[in-house]
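Residue numbers (the numbering used here), protein chains in the order written: chain G, 662 to 1047; chain L, 662 to 1047. Here a beta-carbon is modelled for each residue, glycine too, at the ideal position from N, C-alpha and C. Quick caveat: nothing in here was measured; it's all calculated off a predicted structure. Everything below concerns the one structure shown next.
Number of protein chains: 2
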Amino acid sequence: MIKRVTIAGVMTGTSCDGVDIASVEFDSESWSPKWEASRPYPKKIRDRVFAIQKVGARLSLDEIFSLDADIGTWLGKTLTEIIEGLTAKERPEIIAMHGQTVAHAPLRKPTAYTVQLGEPTVVAEMTGRTVISGFRQGDIAAGGEGAPLVPIYHYLLSSVLPGSEKGVALHNLGGISNFTYIKPDGSVFGVDTGPANVWIDAAVERISKGKKTFDAGGKIALSGRVDLPALKALLRHPYLKRPAPKSTGRDEFPPEYFFARAKKLTGEDLVATATAYTVETIVQAYEKFVIGNGNPLSAIYLCGGGAKNDTIRLWLADLLPNISVLRIEDVGFDSQFIEAQAFAFLGYRSLLGLPVGGPWTGAEKFGPPGKITPGKNWAEILKRLP
Amino acid sequence: MIKRVTIAGVMTGTSCDGVDIASVEFDSESWSPKWEASRPYPKKIRDRVFAIQKVGARLSLDEIFSLDADIGTWLGKTLTEIIEGLTAKERPEIIAMHGQTVAHAPLRKPTAYTVQLGEPTVVAEMTGRTVISGFRQGDIAAGGEGAPLVPIYHYLLSSVLPGSEKGVALHNLGGISNFTYIKPDGSVFGVDTGPANVWIDAAVERISKGKKTFDAGGKIALSGRVDLPALKALLRHPYLKRPAPKSTGRDEFPPEYFFARAKKLTGEDLVATATAYTVETIVQAYEKFVIGNGNPLSAIYLCGGGAKNDTIRLWLADLLPNISVLRIEDVGFDSQFIEAQAFAFLGYRSLLGLPVGGPWTGAEKFGPPGKITPGKNWAEILKRLP
């Protein structure tokens, strides 16, 4: 039996557009989302995050680990300010932070790894709270891909979604696109489909010369023309042919990869083609892993920043005619914060020593969950644990 | 009240000569060392650890984080083999691993950091045990130097050492040399004095063309001649003038720094001069921080790999005539494993959420202790915690 504990999930995705924070209350029998907040990514830190991921980058230890500390300091400061504005009852006792992914190599031989920056002790010291972090490494240590990790929360969510008796998918459109399919019998499948905002945002930044960072509502994509030869070349990416379980990241789909194959394109056409690529790879994944195998699918619920991109949603609906393509907002959840809530839930599981991966990550044995950094309030937390 | 828990401390020092493992049993009222083991450092991993620390090194993320995973795998394998050879009663429930330091920048502005490699989730997965790691970052987050961290265990130990009523020091000779002084009133002071085996080992490796890795018994040093002009030049190192609290590492005292100032020396003279430098910087530190301030000091107990270097011990005794310079073996402890035991104790403190630094590290507020990676046995551990 665990007594009531409030956990703030803190998500910074591969697209580095901002940090999403969602507080969720848990006890042994129930869970309930409480409040959400988001803050923009500081440009200077964002630039450094992208710089160390450049293909062929050669770095000093100082460049990497000062960034680790600086991301910790930024998150610690942001969370402290937010917490100070809350009532005592609203304040989270625990912070479950994903960290900023800068490398993800789950298939590397002989040893795999994944790297999320943002030093948790800095956040624990600044906020006075216990912090849980490093959720992906333990799954990789157990032979999993360390991703996707949201399916276990999507499964929890699906129980309250219309259509779950006929098969539903929760689809996250972040820097990378991934979905969780929940069969009517409750079994779970999850996969990363490929890039979403990583390429779309990079295309928008390029054509607006940095004035815009994302395609609001998908309007730019809608005003451009999809270049079919470029799309065809991009669809040869080897990730798309790999069998599941599989996961990917910015390192496998860097914007440079896109620009190199879309060299002839300019203006809105770049954005339209990146958007079409996102949609096409998503449709292929549903066909390959769900529909094509005769699995029932009545509705796809979009979440993540890209769920606000109407062009993605409409193009998906066109290509998947018998399936309702909805935003999770349509059933009362805030799309933007599903991932942050998911990490709050993974923080809760970590406290209990429960794994955060499963068949959808490819882990076939117990993978250690997130790492617990005891904060000033650890003795208090211990009293609530079983 | 905490129920009995057995923790294996795992120490890999800056000199990369091997891993020392020491198991200690704790409960609320007592502690008792149980067994020790050590294994050599794999040459391939050692070479990579040194390579990424080379001054001016430019690295890929892959070089750093594959090494992090490989050190984790080596430690996981080593610990699994050792644990399998133990009786059920002897097996530790928790592993408290220091990790391999590759950078330590506690004074960096605006953000400080320290880096210990060795992925703890890999060790937790392979051993099935809960792992505690990353002991230094929280102290740095609280404004401390993240070092030295052994004083708190030295204090525990001093209560059973002869002479403690007249002031004693426990002196660790690892890659870096550091001591803890415990005043008769129980107050504690700790400081890093400078390099020990980092330079001596490098000198031995150079003159033996890699055939020897350390100066057994200090015999090489004894057969060489100390070069006074080189010694004088080396004593100008700015670290020696810094006020306490202070700590240092291989990055501030790389072997290259030594060789550049001992250019004219060859053969045994290189080893003799590195050894004399270790001794001279130690004596200066005792004069500056202990004796010179009128603090009583009756005995220095040497521990760490360098305690087996008779030349260091005899030269120290010569230069500190009124103080007994002993090996901690002389009073029944195994010198080599004091640091590993200390990290077992810091693991115990981390479980309870107690800080691992203090005035001796310069931390003036609560610093989060080590990070807990829940292993398969976490639910069992939770039952023993208060």
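{"Query": "For a test of the three-state rule: what should DSSP assign to R1045 of chain G, helix, strand or coil?", "Result": "helix"}
{"Query": "Assign P1016 of chain G to one of three DSSP states: helix, strand, or coil.", "Result": "coil"}
{"Query": "Relative to the alpha-carbon of G885 of chain G, which residue among G:Y900, G:A864, G:L896 has its alpha-carbon at the smallest distance?", "Result": "G:A864"}
{"Query": "How is F919 of chain L classed by DSSP in three states: helix, strand or coil?", "Result": "helix"}
{"Query": "By the 8 Å beta-carbon criterion, what residues does the region 722-741 of chain G contribute toward chain L?", "Result": "L722, D723, I725, F726, S727, D729, A730, D731, G733, T734"}
{"Query": "Can Y947 of chain L and L822 of chain L be called in contact, C-beta distance under 8 Å?", "Result": "no"}
{"Query": "Measuring alpha carbon to alpha carbon, tell me which residue in L:E913, L:T675, L:T791 is nearest N1038 of chain L.", "Result": "L:T791"}
{"Query": "Short of 8 Å in beta carbon distance, which residues of its chain neighbour E697 of chain G, apart from the five on each side in sequence? Order them along the chain.", "Result": "D681, I682, A683, S684, D995, Q997, F998, A1001"}
{"Query": "So for A808 of chain L, helix, strand or coil by DSSP?", "Result": "coil"}
{"Query": "For A891 of chain G, which residues from the same chain have a beta carbon less than 7 Å from its beta carbon, with the 5 sequence-adjacent residues on both sides left out?", "Result": "R922, A923, L926, T934"}
{"Query": "Taking the Cβ atom as the reference point for each residue, do L834 of chain L and T841 of chain L lie within a distance shorter than 8 Å?", "Result": "no"}
{"Query": "Along the alpha helix (DSSP H) that carries Y842 of chain G, what are the first and last residues, could you check?", "Result": "From DSSP, Y842 of chain G is part of no alpha helix (DSSP H) but of the beta strand (DSSP E) over 837-843."}
{"Query": "How many Å lie between N979 of chain L and W692 of chain L at the Cα?", "Result": "The identity of residue 979 of chain L in the sequence shown is Asp, whereas the question assumes Asn. Distance between the alpha carbons of D979 of chain L and W692 of chain L is about 36 Å."}
{"Query": "Assuming T1034 of chain L and K1026 of chain G are in contact, meaning their beta carbons sit under 8 Å apart, how far apart are those beta carbons, in whole angstroms?", "Result": "16 Å between Cβ atoms; not a contact."}
{"Query": "Check whether chain L comes within 8 Å of K715 of chain G, counting only Cβ atoms and requiring the distance to be less than that.", "Result": "no"}
{"Query": "Assuming G836 of chain G and R911 of chain G form a contact by the criterion Cβ under 8 Å, report the distance between their Cβ atoms to the nearest whole angstrom.", "Result": "6 Å"}
{"Query": "What residues from chain L crowd round R911 of chain G, counting only those whose CB sits closer than 7 Å?", "Result": "Neighbours of R911 of chain G on chain L: none; closest Cβ ~12 Å, over 7 Å."}
{"Query": "Determine, for K770 of chain L, whether the minimum Cβ-Cβ distance to residues of chain G falls below 8 Å.", "Result": "no"}
{"Query": "Per DSSP, what kind of secondary structure is R974 of chain G in: helix, strand or coil?", "Result": "helix"}
{"Query": "Quick one: using the 10 Å Cβ neighbour count with 16 as the cut-off for buried, is K705 of chain L buried or exposed?", "Result": "exposed"}
{"Query": "At a CB-CB cut-off below 7 Å, which residues of chain L make contact with L1043 of chain G?", "Result": "L1046, P1047"}
{"Query": "What does DSSP give as the partner residues of T1034 of chain L in its beta bridges?", "Result": "L:V792"}
{"Query": "Return yes when the C-beta of L901 of chain L is under 7 Å from any heavy atom of the ligand FAD, and no when it is not.", "Result": "With respect to the ligand FAD, the structure shown offers nothing to examine, as it has no ligands at all."}
{"Query": "So, for V1017 of chain L: in the same chain, excluding its five sequence neighbours on each side, which residues have a beta-carbon less than 8 Å away from its beta-carbon?", "Result": "F796, G799, D800, L810, I813, L1007, R1010, S1011, G1028, P1030, G1031"}
{"Query": "Which bits of chain G does P1035 of chain L rub up against, with CB to CB less than 9 Å?", "Result": "G799, S1011, L1012, L1013, G1014, L1015, P1029, P1030, G1031, K1032, I1033"}
{"Query": "What's the C-alpha gap between G679 of chain L and G733 of chain G?", "Result": "32 Å"}
{"Query": "Quick one, are the C-beta atoms of P982 of chain G and K827 of chain G less than 8 Å apart?", "Result": "no"}
{"Query": "At which residues does the beta strand (DSSP E) containing R988 of chain L begin and terminate?", "Result": "985-988"}
{"Query": "Flag this pair as yes or no: are the beta carbons of T775 of chain G and H759 of chain G separated by less than 8 Å?", "Result": "no"}
{"Query": "Quick one: is R867 of chain L near chain G, going by C-beta distance under 8 Å?", "Result": "no"}
{"Query": "Out of G:L1015, G:T1022, G:I881, state which residue places its alpha-carbon closest to the alpha-carbon of S908 of chain G.", "Result": "G:T1022"}
{"Query": "If you compare alpha carbons, which of L:A712, L:S721, L:G717 is closest to A712 of chain G?", "Result": "L:S721"}
{"Query": "Go ahead and pull the three-state DSSP assignment for N833 of chain G.", "Result": "strand"}
{"Query": "What residue ranges within the region 681-727 of chain L form continuous alpha helix (DSSP H) runs of no fewer than 4 residues, ordered along the chain?", "Result": "704-714"}
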